[in-house]
Each structure stands twice: as C-alpha cells, then as structure tokens.
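There are 2 protein chains.
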Amino acid sequence: MIENWITQLRKGLVEYCVLLVLRRGENYGYEIVQALKQIEELSVSESTVYPILSRLGTERYLKWRDVPSSAGPPRRYFSLTPRGKVRLAEMNAYWTVLVAALQALKQGKEIGQ
Amino acid sequence: MIENWITQLRKGLVEYCVLLVLRRGENYGYEIVQALKQIEELSVSESTVYPILSRLGTERYLKWRDVPSSAGPPRRYFSLTPRGKVRLAEMNAYWTVLVAALQALKQGKEIGQ
DNA sequence: ATGATCTACTCCGTTTCACGTAGTACCTAA
DNA sequence: TTAGGTACTACGTGAAACGGAGTAGATCAT
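See the structure below:
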C-alpha cells in the first residue's frame, strides 16, 4: 500500500517540519499540532508530535517556558535554541540537495554510462 | 547527530529511487547498486538495495529474468510490472505535493492565523 | 457541586525500514 | 589453484511514526 510507504517517507520529516514551524518564534504544543494537521500530506496526530517536541527538548534543540492559559492547563511555549537553529540550517541544506538529486534522477539521467 | 536524521529521512526514498532507475527499462541488481551509490546524498550499500529488490519482487512491483553473465554468476535483470508503473506514478504524485508543502512551510507561511 | 467539554499533553506497544557485518557462491584469468 | 571481480543472502540493531488509551487542568451549564 502506498499509505505504508508514505508513513516511511515521513520519518525524519515531521521533526524537520516542527523546527520549520518554530523558526520564526515560539509556539505551544497544541498549536504546532494543529498547524501540522492542516498540512494534508503530513496528517500527523498528537502522539506523533508531542514525543518529537520532548525529544528535541532533551537534545537541547528546543527550549520552553510554561505560561498559564485562560482555557485549560498551562501552555508550553517552545522555541529554537542556538543549537536548534544550527540543526535547522543543516537540515535545510541536506533537504535541498536531496530534492535536487531526486529531481535529476526523475529527469532523464540514465545509468550504465 | 544529523547523520541519524538523514538515515531516517532516507526511509522510503531508496525504494522510490530504485523504481525511478527502472522506469526506462531493465537493469540488474549490481548495476542498480552502483548507480545509487553514485548519488552521494543516498550513499546506500548492497545490504540496503538487495532486500528492497526482493521485497518489490514479492509485492509484484518488479519482475525479473536471469541472464548468464560472462563475468560471474547469472545477472538478474529487474523491470517494472504494470503494477509497478502505477505505484511509481503514485509515488511521483505524492513526492511532488510533499516537496511543495515543505517549500510552502519554509517560505513565510505563518501559523496561528 | 457535578458532569460535560475543551485543552494539553503522556505512555505503551507495534510495524517498518535502513544499515552494518558477515557469509555464500559463481566465474575468469594468470 | 588462487586471486579478484561479480552477485547476492542472512541476521541483528536502532530509530521513527502511529494508534489507542490514559491523565489532568480549567471553564461553563445545570
């Protein structure tokens, strides 16, 4: 099934998307989940995004602060650390060359000679 | 480490690349391995490509024929089945929208409103 | 005050894939 | 007969996505 392939293809990508969402400033978890849910091609859920947020936190790519909310438990606002910004830049660089390589493979590049 | 992320990102992609290599006609295993090794961003080895070839075979996306070789054991020439061509078309379609979605996320698209 | 509902997460188990290491086996040429 | 190129196969590990269930704070209608 193509769905299964898509699940595999998403590996690594959700993490990249989380960092991309945070590149402009802080956002809280639920908000990030809702934002990524809107990208149909990703179609992620809470159980995918929250573990990524905490993993990126323990790896010090993200920092956070808790802010009381008027509608529910305190919100945890995440933002990129300097370390996280470096990682995002590395990911951007790799993603760019990867997409270019795939594009070259799609278009005409023959193997053999 | 970024290397680990790259390993995750490759999941699903190697399979896609194998189908892309075969889209024009048949190739034998060793040749496919050498072709994909030349793509630095993928940097795959035999132990990655051969299992994919046999998986795609049992899933009937590929067919093959054995041809005696002048230098070694018979070569197994793989080619796309009609089913495989459909799958490749689906993958192309998904890959295209995914790359576009990531591009949109990279450029300016804000969340929240 | 009590239950319903929204918000904001956390935990656990399963599946799948990439990949490293090692091993098998075939064939030609010196 | 052995070295070297060719063509795979087997096995185990690690990491990520994901489904489903659970936890818990806060507001609001009854």
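In order, the protein sequence lines correspond to chains A and B. Read in order, the letters of the first sequence are residues 4 to 116 in this note's numbering. Read in order, the letters of the second sequence are residues 4 to 116 in this note's numbering. Built from N, CA and C at the ideal position, the CB exists for glycine as well.
Secondary structure at Y53 (chain A), three-state DSSP: helix, strand or coil?
Here Y53 (chain A) sits in helix by DSSP.
Does any residue of chain A bring its CB to less than 8 Å from the CB of Y97 (chain B)?
Y97 (chain B) counts as touching chain A.
Is there a Cβ of chain A sitting closer than 8 Å to that of G15 (chain B), yes or no?
Yes, because at least one Cβ of chain A sits closer than 8 Å to the Cβ of G15 (chain B).
Are the segment 25-42 of chain A and the segment 76-84 of chain B touching, with three or more C-beta to C-beta distances below 8 Å?
Contact between the segment 25-42 of chain A and the segment 76-84 of chain B is absent, because fewer than three Cβ pairs lie under 8 Å.
Can you give me the start and stop residues for the alpha helix (DSSP H) that V24 (chain A) sits inside?
Following the DSSP letters along the chain, one finds V24 (chain A) inside the alpha helix (DSSP H) bounded by residues 16-25.
Between L12 (chain B) and the rest of its own chain, which residues show a CB-CB distance below 8 Å, the 5 nearest in sequence each way excluded?
Excluding positions up to five away in sequence, the list is empty.
Quick check: the segment 61-70 of chain A against the segment 35-50 of chain A, are there 3 or more CB pairs under 8 Å?
The segment 61-70 of chain A is not in contact with the segment 35-50 of chain A.
Given that K109 (chain B) touches chain A, what residues does it touch there, using C-beta distances under 9 Å?
Within chain A, the residues whose beta carbon sits less than 9 Å from that of K109 (chain B) are L23, R26, N95, W98, listed in sequence order.
Any beta carbon from chain A within less than 8 Å of L56 (chain B)'s own beta carbon?
Answer no: the Cβ-Cβ gap between L56 (chain B) and chain A never drops below 8 Å.
Nearest-angstrom Cα separation, counted from T61 (chain B) out to V52 (chain B):
Their Cα atoms are separated by approximately 15 Å.
Other residues of its chain near R79 (chain A): CB distance less than 7 Å, five sequence neighbours each side excluded
Setting aside the 5 residues that flank it on each side, R79 (chain A) is surrounded in the same chain by Y31, G32, W67, D69, each with a C-beta closer than 7 Å to its C-beta; the list follows chain order.
For E18 (chain A), decide whether its Cβ has a neighbour in chain B, counting only Cβ atoms nearer than 8 Å.
At least one chain B Cβ lies under 8 Å of E18 (chain A).
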